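Residue numbers (the numbering used here): 11 to 136. All C-beta atoms in this analysis are idealised placements derived from N, C-alpha and C, irrespective of residue type, glycine included. Quick caveat, the model's predicted, so the values are computed rather than measured. Here the structure comes first, spelled out in structure tokens, and everything after it is commentary.
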């Protein structure tokens, strides 16, 4: 009986650890980003472990998934309880990223690009 309690306790700790890791924001995209918004205006976006800060406004941030498609690494995130995708369009280049509002949850890389981001300089306007 005591052995079963130990197994249940250990299993509970493992499940809790997986849950906490799944909800944490990746270090990959934390920090300051130079960005262009939907109107090609230059903005600074700062991402920390709990928020995305844009135009001096903090938006609660939660990572809810991660994946790859066509060699592109992406993160499913929630901002103010809305779903978005942060994607690195070029494999092996984590200095450039975009934030997309997906049209369909099943096709995460299809949707409207809200921000083009770069760690070193403002992205080029189209």
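Closer than 8 angstroms by C-beta to residue 28: which residues in its own chain qualify, once you throw out the five before and the five after it? Chain order, please.
Here residue 28 scores only 40 on pLDDT, less than 50, and its place in the model should not be relied on; the value that follows carries that caveat. Within the same chain, residue 28 has no close Cβ partners at all.
Since residue 67 sits in a beta bridge, which residues does DSSP pair it with?
DSSP, once it has assigned bridges, lists 64 as partnering residue 67.
Counting C-beta neighbours from all protein chains within 10 Å, is the total for residue 83 16 or more, i.e. buried, or is it exposed?
Its Cβ being crowded by 16 or more others within 10 Å, residue 83 is buried.
Spatially closest choice to residue 38 from 73, 132, 89 and 134, by CA coordinates:
Sorting 73, 132, 89 and 134 by C-alpha distance to the C-alpha of residue 38 places 73 at the top.
Limits of the beta strand (DSSP E) - the one that residue 118 falls within:
In the DSSP assignment, residue 118 falls within the beta strand (DSSP E) that extends over 117 to 128.
Within 8 angstroms of any Cβ in chain B, is that where the Cβ of residue 69 sits?
Structure shown: chain B not included; a single protein chain is present.
Take the Cβ of residue 122 as the centre, count every other Cβ of all protein chains shown within 10 Å, and call the residue buried at 16 or more, exposed below.
Counting Cβ neighbours within 10 Å, residue 122 comes out exposed, since fewer than 16 surround it.
Is the beta carbon of residue 69 less than 8 angstroms from the beta carbon of residue 96?
Pairing residue 69 with residue 96 gives a Cβ-Cβ distance that is not under 8 angstroms.
Can you tell me the Cα-Cα spacing of residue 104 and residue 41, whole angstroms?
If I take the Cα positions, the gap works out to 12 angstroms.
Taking the alpha-carbon positions, what's the residue 116 to residue 132 distance?
C-alpha separation (whole angstroms): 31 angstroms.
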